[in-house]
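In the working numbering, the protein residues as written are 9 to 223. We put the CB at the ideal spot given by N, CA and C, even for glycine. Predicted model, so just to flag it, every value in this text is computed and none were measured. The block underneath contains the structure these notes are about, expressed in structure tokens.
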Ligand SMILES: [Zn+2]
């Protein structure tokens, strides 16, 4: 996984949103405020390097803003006349953060598509999940973004994306429902229109839909 790691980026670049990006020390000051808000002393020994560590962690958690998913897929086309059956990649590890509470969403992504002359390397399918997961997300949007980008880049006969994930904002706070997972799907083209294709995809991922260990 190539993740942008601290030190490799200027601290004051413009964001995709067009807003001025705070620099690292401004971000660290915000973390310090949250520590104080939680009720602790940001100057005590165990916490004094925490704001800087959190900022570096955020650079990894949200590295997806720096990548263009379509460019990622466009560079890896291969022609394939010989293979026109369904391609399925199951159990892609999902680590994202919910945009409402900024806490982890952990789960699995299953992707299937029916090629129309082109395929993409399986590592690229995993990378495309990362590009969208390493942003602030809701699961419904994440599912749609992965499917739509594959449709746009590969122009296959159909695409299916299923995500099953646990949201820590549900399991560790609020309603506190450990063990609950949410399933979302996006079916495009023949995956939506052809019941046999949809059924084939769902049967290929059946049994792989189980809640991942939260670690
Ligand atoms: Zn949430």
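Residues bridged to residue i (per DSSP)
i, result
"residue 192", "171"
"residue 114", "103, 174"
"residue 97", "119"
"residue 144", "105"
"residue 197", "166"
Proximity test, Cβ basis, 8 Å: residue i and chain D
i, result
"residue 207", "In the structure shown, chain D cannot be found, because there is only a single protein chain."
Supposed contact pair residue j and residue i - C-beta distance, whole angstroms, cut 8 Å
i, j, result
"residue 146", "residue 106", "7 Å"
"residue 128", "residue 162", "6 Å"
"residue 36", "residue 60", "6 Å"
"residue 188", "residue 179", "7 Å"
"residue 75", "residue 137", "Contact flag wrong, Cβ pair sits at about 12 Å."
"residue 120", "residue 212", "7 Å"
"residue 166", "residue 122", "5 Å"
"residue 143", "residue 72", "4 Å"
"residue 32", "residue 62", "11 Å between Cβ atoms; not a contact."
"residue 160", "residue 78", "6 Å"
"residue 93", "residue 141", "Going by Cβ atoms, the distance from residue 93 to residue 141 rounds to 27 Å, so no, they are not a contact pair."
"residue 98", "residue 118", "5 Å"
"residue 164", "residue 214", "Incorrect: roughly 22 Å between the Cβ atoms, too far for contact."
Near ligand 3: residue i beta-carbon under 7 Å from a heavy atom
i, result
"residue 67", "Ligands in the displayed structure: ligand 1; ligand 3 is not one of them."
Quiz item: Using 8 Å as the threshold, is the region 191 to 201 in touch with the region 148 to 164, meaning 3 or more CB pairs across them?
Solution: When C-beta atoms of the region 191 to 201 are compared with those of the region 148 to 164, three or more pairs fall below 8 Å, so the two segments count as touching.
Practice problem: Let me have the residue list for ligand 1: C-beta closer than 7 Å to any non-hydrogen atom, ordered along the chain. | Solution: Counting only residues whose CB is nearer than 7 Å to a non-hydrogen atom of ligand 1, the list in chain order is 106, 108, 109, 111, 175, 177.
Quiz prompt | beta strand (DSSP E) runs contained entirely in the region 26 to 58, provided each spans 3 or more residues | solution = Counting whole runs of 3 or more residues, the region 26 to 58 contains no beta strand (DSSP E) stretch at all.
Quiz prompt | Contact the region 172 to 184 vs the region 108 to 125: 3+ CB pairs below 8 Å | solution = Enough Cβ pairs lie closer than 8 Å, so yes.
Quiz item: Is the region 198 to 211 close to the region 132 to 141, with three or more CB pairs under 8 Å?
Solution: With the cut-off at 8 Å, the region 198 to 211 and the region 132 to 141 do not touch.
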